[in-house]
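Visitor: Just dropping this structure here.
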């Protein structure tokens with residue numbers, strides 16, 4: 001016979017109670033007084049041979065009024081007395097490079113930033129060839145104030161020197177076949193010229209004579225990850241003379257049999273073909289640059305206002321954005337005569353050449 005003593009069922013539902021005591025009170029680490037009173041030795045690496053004490057900062061506190069060691073007092077002296085050896089060494093050091101350079105031909109001066117210095121070299125270098133010595137002497141002579149007679153004499157000497165036949169700098173036996181004067185291009189000085197450099201040949205030679213560069217921009221497209229971009233479009237005439245339709249017709253910029261340019265007609269419209277797009281950057285190192293035009297009687301020069309470098313756009317996403325936003329189905333160019341304001345600006349540009 002088996003007797004069992006079972007517990008009665010729980011009269012309520014089970015509940016989770018919050019423990020009011022800290023559960024870490026029996027396992028939290030506590031330092032003893034032995035550990036807190038013990039001082040550990042810190043091993044600091046010597047800095048430039050100077051041992052550093054990280055425990056006691058008062059070690060480096062200077063005593064007021066204490067005298068410096070003799071070896072330290074020399075370091076803080078202003079205008080300390082120099083030994084004869086130091087003075088001799090400083091006297092032998094040249095304060096600027098000599099203008100005598102053996103690997104340059106005579107009458108050529110070595111130019112550097114040191115030439116702007118006011119200090120002069122008192123010792124001549126007898127080993128290297130003296131370069132530009134006469135030029136430097138003339139420069140020193142010209143610094144003094146010249147009289148009116150000396151100025152007139154210098155101008156006359158300049159005209160006389162211009163009449164002489166120029167001599168080749170390396171081969172005096174060579175003689176010039178023709179000497180042409182050089183003047184500013186008064187007729188085209190009012191125009192603005194830009195030197196454009198392509199990364200590759202842009203197109204056909206005949207089409208290049210009438211090609212146009214037009215700036216465009218596209219808006220940003222966040223869905224494809226494209227930012228706003230600016231570019232240059234290269235356009236050429238639709239009929240550039242290679243087909244039958246363009247044969248026998250005069251175009252703007254073409255030349256006739258006598259070589260004179262065909263006059264532009266106001267309101268003339270021509271269809272242009274969109275060839276490709278280029279990204280562009282402006283040459284920041286651009287300085288004053290001129291180009292020359294030769295004719296039978298003289299040489300004329302004009303100034304290049306800016307330099308631009310063009311590179312083909314290689315990103316396919318950028319090309320697609322240009323086709324969607326900026327590339328037109330047809331391109332037409334209409335010529336016109338200059339406005340009154342443009343004519344006035346051109347006349348002012350020509351007036352700048354009046355002294356010449």
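In UniProt numbering, the protein residues as written are 1 to 356.
Beta carbons: idealized from backbone N, C-alpha and C, even for Gly.
Excluding sequence positions up to five away, which residues of its chain have a Cβ less than 8 Å from the Cβ of residue 193?
Guide: For the purposes of this step, residue 193 is identified with residue 193 of the chain shown, where counting begins at 1. In its chain, beyond the 5 residues on either side, 291, 302, 303, 304 and 305 have a beta carbon closer than 8 Å to the beta carbon of residue 193.
Visitor: Considering only the alpha carbon of each residue, which of 315, 326 and 7 lies closest to residue 218?
Guide: The count along the chain shown starts at 1 and reaches residue 218 at position 218. Comparing Cα-Cα distances from residue 218 to each of 315, 326 and 7, the minimum goes to 326.
Visitor: Quick one, which of 300, 216, 237 and 294 has its alpha-carbon nearest residue 319's?
Guide: In the chain shown, residue 319 corresponds to position 319, counting from 1. Comparing Cα-Cα distances from residue 319 to each of 300, 216, 237 and 294, the minimum goes to 216.
Visitor: If you check the beta carbons only, do residue 278 and residue 234 fall under 8 Å apart?
Guide: Numbered from 1 along the chain shown, position 278 holds the residue referred to as residue 278. Numbered from 1 along the chain shown, position 234 holds the residue referred to as residue 234. A contact, by the Cβ cut-off of 8 Å.
Visitor: According to DSSP, is residue 37 part of a helix, a strand, or is it coil?
Guide: By 1-based counting over the chain shown, the position of residue 37 is 37. Correct three-state label for residue 37: helix.
Visitor: Going by beta carbon distance, what residues of the same chain come within less than 7 Å of residue 353, once the five residues before and after it are set aside?
Guide: Numbered from its first residue, the chain shown carries residue 353 at position 353. If we look at residue 353 and ignore the five residues flanking it on each side, its Cβ neighbours are 184, 186 and 189.
Visitor: Rank 276, 300, 270 and 324 by C-alpha distance to the C-alpha of residue 333 and give the top, closest one.
Guide: As a position in the chain shown, residue 333 is number 333, starting the count at 1. Answer by Cα proximity: 270.
Visitor: Counting C-beta neighbours from all protein chains within 10 Å, is the total for residue 310 16 or more, i.e. buried, or is it exposed?
Guide: Within the chain shown, residue 310 is the residue found at index 310, counting from 1. Looking at its Cβ environment, which holds 16 or more other Cβ atoms inside 10 Å, residue 310 is buried.
Visitor: Is it right to say residue 10 is buried, meaning 16 or more other beta carbons lie within 10 angstroms of its own, or is it exposed?
Guide: Working through the chain shown from its first residue, we reach residue 10 at position 10. By the neighbour-count rule (16 or more Cβ atoms within 10 Å), residue 10 is not buried but exposed.
Visitor: Determine the burial state of residue 357: buried for a count of at least 16 other Cβ atoms within 10 Å of its Cβ, exposed for fewer.
Guide: Nothing in the structure corresponds to residue 357, since the chain is present only between 1 and 356.
Visitor: Compute the Euclidean distance between the alpha carbons of residue 254 and residue 210, then round it to the nearest angstrom.
Guide: Position 254 of the chain shown, counting from 1, holds the residue named residue 254. Position 210 of the chain shown, counting from 1, holds the residue named residue 210. Low local confidence applies: a pLDDT of 49 at residue 254 is under 50, so the model's placement there is unreliable, and no value is given.
Visitor: Please identify the residue among 199, 58, 197 and 232 whose C-alpha is closest to the C-alpha of residue 213.
Guide: Residue 213 sits at position 213 when you count from the first residue of the chain shown. Taking only the C-alpha atoms, the option nearest residue 213 is 232.
Visitor: CA-CA distance, residue 119 and residue 157?
Guide: What you label residue 119 is simply residue 119 of the chain shown in a count that begins at 1. What you label residue 157 is simply residue 157 of the chain shown in a count that begins at 1. Residue placement at residue 119 is poorly supported in this model, since its pLDDT is 46, which falls under 50; the coordinates still yield a value, given next. Approximately 32 Å between the Cα atoms of the pair.
Visitor: So residue 275 and residue 182 are supposed to be a Cβ contact under 8 Å. How far apart are they, rounded?
Guide: Sequence index remark: in the chain shown, residue 275 carries index 275 (1-based). Sequence index remark: in the chain shown, residue 182 carries index 182 (1-based). No, residue 275 and residue 182 are not in contact; Cβ-Cβ is about 37 Å, not under 8 Å.
Visitor: What's the call for residue 322, buried or exposed, on a 16-neighbour Cβ count within 10 Å?
Guide: Along the chain shown, read from residue 1 onward, the residue named residue 322 stands at position 322. The residue in question, residue 322, is buried, as its Cβ has 16 or more Cβ neighbours within 10 Å.
Visitor: Output yes or no for whether 8 Å exceeds the beta carbon distance between residue 42 and residue 55.
Guide: Taking the first residue of the chain shown as 1, we reach residue 42 at position 42. Taking the first residue of the chain shown as 1, we reach residue 55 at position 55. In this structure, residue 55 lies closer than 8 Å to residue 42 by Cβ.
Visitor: Over what stretch of residues does the beta strand (DSSP E) that includes residue 212 continue unbroken?
Guide: If you number the chain shown from 1, residue 212 lands on position 212. First-last of the beta strand (DSSP E) with residue 212: 212 to 218.
Visitor: Could you tell me which residues DSSP puts in a beta bridge with residue 161?
Guide: Counted from its first residue, the chain shown places residue 161 at position 161. Beta-bridge pairing links residue 161 to no other residue.
Visitor: Could you pull the start and end residues of the alpha helix (DSSP H) that residue 308 belongs to?
Guide: Residue mapping note: residue 308 aligns to position 308 of the chain shown, counting from 1. Premise fails: residue 308 lies in the beta strand (DSSP E), 299 to 312, not in any alpha helix (DSSP H).
Visitor: Among residues of its own chain, excluding the 5 on either side of residue 126, which ones have a beta-carbon nearer than 6 Å to its beta-carbon?
Guide: As a position in the chain shown, residue 126 is number 126, starting the count at 1. Low local confidence applies: a pLDDT of 44 at residue 126 is under 50, so the model's placement there is unreliable, and no value is given.
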